[in-house]
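All remarks here apply to the structure that follows.
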Amino acid sequence: TTYKYVKYADRLEVNYDNLEPVNANSRSILLNESLKWDLDKQAHASVTGMTGSGKTMFLYYLIIEAANLTNDIYIVDGKSGDLSTLSNVKQIATNAEDTVDLFHSLINEMDERFETIKKSDYPTQSAYTLGYKDVFVFIDELAVIVELAKTLDQTNKQKNRENSRNKDWEKLKENNYDLIISSIRMLIFKARQANIHLVLATQNFEASLLGSSAVRDNLGLKILFGNPSTVQVNQMGLTQEQLPYVDYSVKGAGIIWLDGQGWVNARPFESPYLNFKNKNPNQLLKEIKNF
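Every letter in the sequence shown is one number past the one before it in my numbering, and letter 77, counting from 1, is 83.
Laid out in structure tokens, this is it:
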């Protein structure tokens with residue numbers, strides 16, 4: 007018997023030469039020819055991969071397809087990297103203070119949606135069924151934002167001590183780190199019914215980032231690009247025995263886990279191949295926004 011691994015068997019080929027969405031009339035985002043991110047079943051996602059693994063291009067795809075569903079797209083990019091150039095989204099935060107403000111507004115949005123649901127005739131329904139659109143929050147390199155917040159807190163503590171005798175001194179926040187972490191945790195645990203979706207992108211999803219494995223358990227879609235280490239596999243809540251065969255020489259190749267599918271093992275995955283023609287992702291977002 008001869009076994010042959012066929013590359014790109016399920017890989018999407020996406021041509022953005024026109025504005026036709028890949029996921030027209032659907033609240034799910036196709037991941038390949040056979041798998042989709044169902045926003046009701048898998049509210050939040052994590053995308054892990056080292057530099058050069060294809061992670062950024064996949065994030066572009068998710069953001070563009072999300073833009074076909076809603077204008078409410080937020081980006082947190084502590085590196086001021088690729089995602090921070092996507093100015094045609096609702097809001098971008100590149101430092102700890104702006105990130106705190108962004109999450110504060112999202113928590114308020116979530117509370118408002120829950121209040122509307124509570125007052126409705128069917129308190130078990132989602133915000134979407136009451137006329138609210140989905141909200142997407144893409145956080146690129148969570149670890150960088152965390153470190154920026156810690157550094158800011160230390161700086162603010164020092165400044166507050168130096169100005170403690172100044173009656174006109176307005177005390178600076180010393181809890182930016184706690185505010186960011188608690189906000190992310192709250193949104194991941196509570197925001198499913200409010201239809202607010204977080205996508206956490208990082209090179210390594212260390213358990214210490216968000217405090218407990220229970221947070222990662224609520225990320226219904228997990229994708230890991232590149233040849234994973236044992237630690238990275240464990241961070242996905244998997245074991246080496248649950249890994250499929252993957253040809254990691256293909257850029258954009260990795261493994262995927264989707265909750266609610268009855269899977270015992272993870273599946274091989276190759277991110278969509280994107281053809282932007284003469285456009286860039288930000289121009290495409292502008293065209294979608296004005297369509």
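For glycine and all other residues, C-beta sits at the position ideal for the given N, C-alpha and C.
Beta-carbon proximity check, Val82 vs Ile194, cutoff 8 Å: Your numbering for residue 82 matches position 76 in the sequence shown. Your numbering for residue 194 matches position 188 in the sequence shown. No; because the gap between Cβ atoms is not below 8 Å, this pair is not in contact.
Within 8 Å, strictly: CB atoms of Asn101 and Leu154: The residue given as residue 101 occupies position 95 in the sequence shown. The residue given as residue 154 occupies position 148 in the sequence shown. Cβ distance < 8 Å, so Asn101 and Leu154 count as in contact.
Contact under 8 Å by Cβ, Ala149 with Ala49: The sequence position of residue 149 within the sequence shown is 143, counting from 1. The sequence position of residue 49 within the sequence shown is 43, counting from 1. Taking 8 Å as the Cβ cut-off, Ala149 and Ala49 do not qualify as a contacting pair.
Coil, strand or helix - Asn21 by DSSP: Your numbering for residue 21 matches position 15 in the sequence shown. Strand.
Reduced DSSP category for Leu75 - H, G, I as helix; E, B as strand; rest coil: In the sequence shown, the residue the question calls residue 75 occupies position 69. The three-state secondary structure of Leu75, taken from DSSP, is coil.
Under the three-state DSSP convention, the category Lys42 falls into: Numbered from its first residue, the sequence shown carries residue 42 at position 36. Of the three classes helix, strand and coil, the one that applies to Lys42 here is strand, per DSSP.
Delimiting residues of the alpha helix (DSSP H) encompassing Asn240: Stepping through the sequence shown from its first residue, residue 240 is reached at position 234. Residues 236-241.
Beta carbon of Ser132 nearer than 8 Å to that of Asn201: Locating residue 132 in the sequence shown gives position 126, where the first residue counts as 1. Locating residue 201 in the sequence shown gives position 195, where the first residue counts as 1. Going by C-beta atoms, Ser132 is nearer than 8 Å to Asn201.
8 Å Cβ cutoff met for Ala312 and Lys61: Residue coverage of the chain in this structure runs from 7 to 297, which leaves residue 312 outside it and unanswerable.
Where Asn101 sits in the DSSP three-state scheme: The residue you call residue 101 lines up with position 95 of the sequence shown. Coil.
Other residues of its chain near Asp146: CB distance less than 6 Å, five sequence neighbours each side excluded: The sequence position of residue 146 within the sequence shown is 140, counting from 1. Answer for Asp146: Asp83, Leu89, Ala207, listed in chain order.
Three-way DSSP call (helix, strand, coil) for Val53 in this model: Along the sequence shown, read from residue 1 onward, the residue named residue 53 stands at position 47. Of the three classes helix, strand and coil, the one that applies to Val53 here is strand, per DSSP.
Inter-stretch contact (C-beta, 8 Å, three-pair minimum) for the stretch 217-228 and the stretch 255-269: yes
Val12 in three-state terms, based on DSSP: Taking the first residue of the sequence shown as 1, we reach residue 12 at position 6. Low confidence applies to Val12: its pLDDT is 49, below 50, so where it sits in the model is not reliable enough to give any reading.
Exposed unless 16 or more other CB atoms sit within 10 angstroms - verdict on His110: Taking the first residue of the sequence shown as position 1, residue 110 is located at position 104. The residue in question, His110, is exposed, as its Cβ has fewer than 16 Cβ neighbours within 10 Å.
Residues near Asp23 in its chain [Cβ-Cβ closer than 6 Å; skip 5 each side]: Numbered from its first residue, the sequence shown carries residue 23 at position 17. Result list for Asp23: Lys283, in chain order.
Asn271 vs Thr54 beta-carbon contact at 8 Å: Taking the first residue of the sequence shown as position 1, residue 271 is located at position 265. Taking the first residue of the sequence shown as position 1, residue 54 is located at position 48. Against a cut-off of 8 Å, the Cβ pair of Thr54 and Asn271 comes out as no contact.
Exposure of Ala99, with buried meaning 16 or more beta-carbon neighbours within 10 Å: The sequence position of residue 99 within the sequence shown is 93, counting from 1. By the neighbour-count rule (16 or more Cβ atoms within 10 Å), Ala99 is buried.
Reference Pro278; option with closest CA among Ile70, Asp159, Gln164, Tyr183: For the purposes of this step, residue 278 is taken as residue 272 along the sequence shown, with counting starting at 1. Measuring from the Cα of Pro278, the nearest candidate turns out to be Ile70.
Closest by C-alpha distance to Glu293, when choosing among Leu68, Asn77, Ser40: What you label residue 293 is simply residue 287 of the sequence shown in a count that begins at 1. That would be Asn77, whose Cα lies nearest to the Cα of Glu293.
CB of Leu185 within 8 Å of CB of Val143, strictly: Within the sequence shown, the letter at position 179 stands for residue 185. Within the sequence shown, the letter at position 137 stands for residue 143. No, Cβ-Cβ distance for Leu185 and Val143 is not below 8 Å.
First through last residue of the alpha helix (DSSP H) which encompasses Leu290: Numbered from its first residue, the sequence shown carries residue 290 at position 284. Note, Leu290: alpha helix (DSSP H), 287-295.
Where Asp184 sits in the DSSP three-state scheme: Reading the sequence shown from its first residue, position 178 is the one you call residue 184. DSSP places Asp184 in helix when its eight states are reduced to three.
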